[in-house]
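To start, the structure itself, in structure tokens.
As structure tokens, then:
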């Protein structure tokens, strides 16, 4: 069983995620043809996101590292990111167990009405798995690590339920929730800070959302132009020549433009699963 799960994960998220989406769609009564199209569309969106993120990290990331070296920062400690953290977590016994535990326990919680969130973001199961590994390393007990995973999963679902409405309204996609723990930790900080800002005289009158900024600053409030200037600024600080500065600026602008379209494609694939007649109040 463990070897089979390792093989399945080894297919890569762009392969196993569409398969999971198809299975879940069929489970909730979506027609086979629509389920297959949904799964493939999600896979395409995932590939698009990977390409865009890779484009950004290989260009802007390199420039930032060059900038650090230029100004005397050795950058000897590297954040390996989820690209490495995920495979490390999934390569362990706990990492393999989390897939069955999360999907099974999540479905039970949904059926019992204890959560409205159905988490199909299998790749990001690595984060609770990593927390379980930390608990295992500290305690020396596999079972404590397993308990840590279960607690982390339940915290994910709880926070996803709490912030689902705000996230869904902000992005304009009905019925979605974010279960990524790092993103949810940010909301825990942002909401009280936002409340504080709302009660500071003068500051609470400033309207600085994307639409208002776009209106007040015109073309300079557009995310594409902002990306262009960010890339140019980093290129200048990194000591690039004119050609490289221009290329970095255009690359960053392209990422700012393409990324939302890839997210939209990803969500397009999930839409058949989000219909109220299929999943009620469940968020994905």
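Numbering (our numbering), first residue to last: 115 to 398. Don't be surprised by glycine CBs; every beta carbon is placed ideally from N, CA and C.
**Request:** Look at the Cβ atom of residue 135, then the Cβ atom of residue 224, and state whether they are nearer than 8 Å.
**Result:** Here residue 135 refers to the residue found at position 21 when the chain shown is read from its first residue. Here residue 224 refers to the residue found at position 110 when the chain shown is read from its first residue. No, the pair does not count as a contact, with Cβ atoms beyond the cut-off.
**Request:** Please work out which residues of its chain come closer than 8 Å, Cβ to Cβ, to residue 364, disregarding the five sequence neighbours upstream and downstream, and give them in chain order.
**Result:** Position 250 of the chain shown, counted from the first residue, corresponds to residue 364. Same-chain partners within the cutoff: 342 and 345.
**Beta-carbon spacing of residue 246, residue 263 below 8 Å** = Locating residue 246 in the chain shown gives position 132, counting from the first residue. Locating residue 263 in the chain shown gives position 149, counting from the first residue. In contact: residue 246 and residue 263 (Cβ atoms closer than 8 Å).
**Prompt:** Touch check for the region 272-279 and the region 289-305: three-plus C-beta pairs under 8 Å?
**Reply:** The region 272-279 vs the region 289-305: in contact.
**Message:** Once DSSP output is grouped into helix, strand and coil, what is the label at residue 337?
**Reply:** Residue mapping note: residue 337 aligns to position 223 of the chain shown, counting from 1. Helix, per DSSP.
**Prompt:** What's the call for residue 383, buried or exposed, on a 16-neighbour Cβ count within 10 Å?
**Reply:** Counting from 1 along the chain shown, the entry for residue 383 is found at position 269. Residue 383 is buried by the Cβ-count criterion.
**Item:** Residue from 261, 259, 270 and 318 with nearest C-alpha to residue 238
**Value:** Taking the chain shown and counting its residues from 1, one reaches residue 238 at position 124. When only C-alpha atoms are compared, the closest one is 270.
**Message:** So, does the region 251-268 touch the region 148-162, judging by three or more C-beta pairs under 8 Å?
**Reply:** Counting C-beta pairs closer than 8 Å gives fewer than three between the region 251-268 and the region 148-162, which falls short of the contact rule.
**Prompt:** Is the number of C-beta pairs between the region 352-369 and the region 158-172 that are closer than 8 Å three or more?
**Reply:** When C-beta atoms of the region 352-369 are compared with those of the region 158-172, three or more pairs fall below 8 Å, so the two segments count as touching.
**Asked** At what residues does the alpha helix (DSSP H) containing residue 306 begin and finish?
**Response** Along the chain shown, read from residue 1 onward, the residue named residue 306 stands at position 192. Segment 295-312, the alpha helix (DSSP H) holding residue 306.
**Message:** Could you give the first and the last residue of the continuous alpha helix (DSSP H) run that contains residue 186?
**Reply:** Locating residue 186 in the chain shown gives position 72, counting from the first residue. Per DSSP, residue 186 belongs to no alpha helix (DSSP H) and is neither H nor E.
**Prompt:** Where does residue 155 sit, in a helix, a strand or coil, going by DSSP?
**Reply:** Counting from 1 along the chain shown, the entry for residue 155 is found at position 41. Of the three classes helix, strand and coil, the one that applies to residue 155 here is helix, per DSSP.
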